[in-house]
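In terms of numbering that gives the first Met the number 0, the sequence shown has 228 at position 229, counting the first letter as 1, and numbering is strictly consecutive. The next block holds one structure in the form of structure tokens; read it before the comments.
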Amino acid sequence: MNAIIQSSFTVLGAGKTGVALAYHLEKAGFEPSFLWNRSQEGLRKALKRVHFRKCSTDLSQIPAHCEWIIITVKDDAIEEVVQRLVNTLKDGDGKKVFHTSGAWDSKPLEPLQKQGCRTGSFHPLISIPDIETGIRMMPGSVFSCEGEIRDDLLDLARLIGVTGIVLNSEQKETVHLGAVFINNYITVLIQALKRLARTKGIPDDTLKLMLERLAGQALGSAWNKSLKDSLSGPAVRGDEKTIQKHRRQLENMPELKKLYDQFLALTRQLLSEEK
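This is the structure in structure tokens:
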């Protein structure tokens with residue numbers, strides 16, 4: 000285990016996830032060997048938090064001796080970065096390479112695997128809107144571990160204080176889809192409800208208090224009970240007058256009204272399937 004702790008790592012992409020992960024790797028005893036980014040500004044921001052030995056906008060400067068290579072660029076840039084690595088490394092020499100994308104498994108890293116690298120994916124199941132939030136929220140979070148080096152990634156997760164879960168490619172795609180619904184679309188829904196509440200003069204603090212209580216209750220009920228036993232409100236009661244009243248309240252927010260109707264249709268479908 001000491002060999003793992005003393006490992007050096009390279010990060011390709013000085014974004015929010017990459018810098019937050021690098022911060023916790025350094026804190027756990029790993030050596031921050033090299034950071035590559037397209038812009039100097041990203042490098043400067045990263046160096047305020049992680050003590051990389053070398054930084055560059057030139058990927059060819061990547062050190063020959065580095066145990067871990069972590070690709071944290073945007074999803075649509077992974078293929079390009081992998082190809083540039085293939086042209087630069089020449090010999091993978093057993094290096095462990097992973098990306099942090101939730102949408103993709105380790106398949107985009109196959110060209111590196113053919114060069115002798117061992118590959119995987121390591122995705123944080125948290126929302127990281129900025130570097131500081133990522134650093135703060137990462138401890139205790141959950142990471143999916145997939146690919147040839149999944150067992151190494153489980154060890155890595157434990158060392159930086161997160162929980163690793165092994166998923167195959169299909170499972171990872173499904174979990175990521177669920178995370179998008181919970182982290183992104185629920186956030187969008189809350190923002191839309193804030194706007195609606197403000198039009199009626201409801202203070203933000205009041206709405207927040209109500210949503211916190213309701214969200215906690217919803218999670219507990221949905222996880223432990225059937226849908227019929229979890230729900231209250233007009234949909235499960237068949238209260239059409241209340242439903243139409245709700246729809247009229249949303250006349251000035253047509254997209255939210257459309258979403259209300261779609262959730263209502265999904266509710267009715269799932270209730271019918273429980274019978």
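Glycine residues also receive a C-beta, built at the ideal position from the N, C-alpha and C atoms.
- By the criterion of a C-beta distance shorter than 6 Å, Ser-126 is surrounded in its chain by Asn-182, once the five residues flanking it on both sides are discounted.
- Note that the C-beta distance between Val-141 and Pro-123 is below 9 Å.
- By the neighbour-count criterion, in which 16 or more other beta carbons inside 10 Å mark a residue as buried, Asp-151 falls on the buried side.
- A distance below 9 Å separates the beta carbons of Met-137 and Ile-159.
- Cβ contact annotation for His-50 (same chain, cutoff 7 Å, sequence separation greater than five): Glu-25 and Pro-31, in chain order.
- Our two residues, Ala-191 and Lys-47, have alpha carbons roughly 35 Å apart in a direct line.
- Around the Cβ of Ala-63, a 10 Å sphere holds fewer than 16 other Cβ atoms; the residue is exposed.
- Take the alpha-carbon of Lys-193 and the one of Ser-6: they are about 47 Å apart.
- In the displayed model, Leu-210 falls within a helix according to three-state DSSP.
- In terms of Cα proximity to Cys-144, the closest of Gln-114, Thr-99 and Asp-203 is Thr-99.
- Between Cys-65 and Thr-198, the alpha-carbon positions lie close to 56 Å from each other.
- Here Val-179 is exposed, its C-beta having fewer than 16 other C-beta atoms within 10 Å.
- Going by DSSP, Ile-164 is part of the beta strand (DSSP E) stretching over 162–165.
- When the alpha-carbon of Lys-106 is set against those of Thr-241, Lys-171 and Val-18, the nearest one is in Lys-171.
- For Cys-54 and Ala-45, the gap between their C-alpha atoms comes out near 10 Å.
- Following the DSSP letters along the chain, one finds Thr-198 inside the alpha helix (DSSP H) bounded by residues 185–198.
- In this structure, the beta-carbon distance from Thr-186 to Lys-15 does not fall below 9 Å.
- Counting the other CB atoms within 10 Å of its CB gives Lys-94 a total of 16 or more, which places it among the buried residues.
- Within the same chain, Cβ atoms closer than 6 Å to the Cβ of His-23 are found at Met-137 and Ile-159, the five residues on either side in sequence being excluded.
- Between Arg-247 and Asp-260, the gap from beta carbon to beta carbon reaches 9 Å or more.
- Contact check for Leu-195 against Leu-249 passes: the beta carbons are separated by less than 9 Å.
- Within 10 angstroms of the beta-carbon of Gly-91 lie 16 or more other beta-carbons, which makes it buried.
- A straight-line Cα-Cα distance of about 33 Å links Thr-56 and Leu-166.
- Rounded to the nearest whole angstrom, the CA to CA distance from Ser-220 to Ser-229 is 5 Å.
- Using a Cβ distance threshold of 9 Å, His-175 and Ala-102 count as a contacting pair.
- The Cβ-Cβ distance between Ile-68 and Ile-61 falls below 9 Å.
- DSSP places Thr-9 in the strand class (E or B) of the three-state scheme.
- Trp-222 counts as exposed, since fewer than 16 other beta carbons sit within 10 angstroms of its beta carbon.
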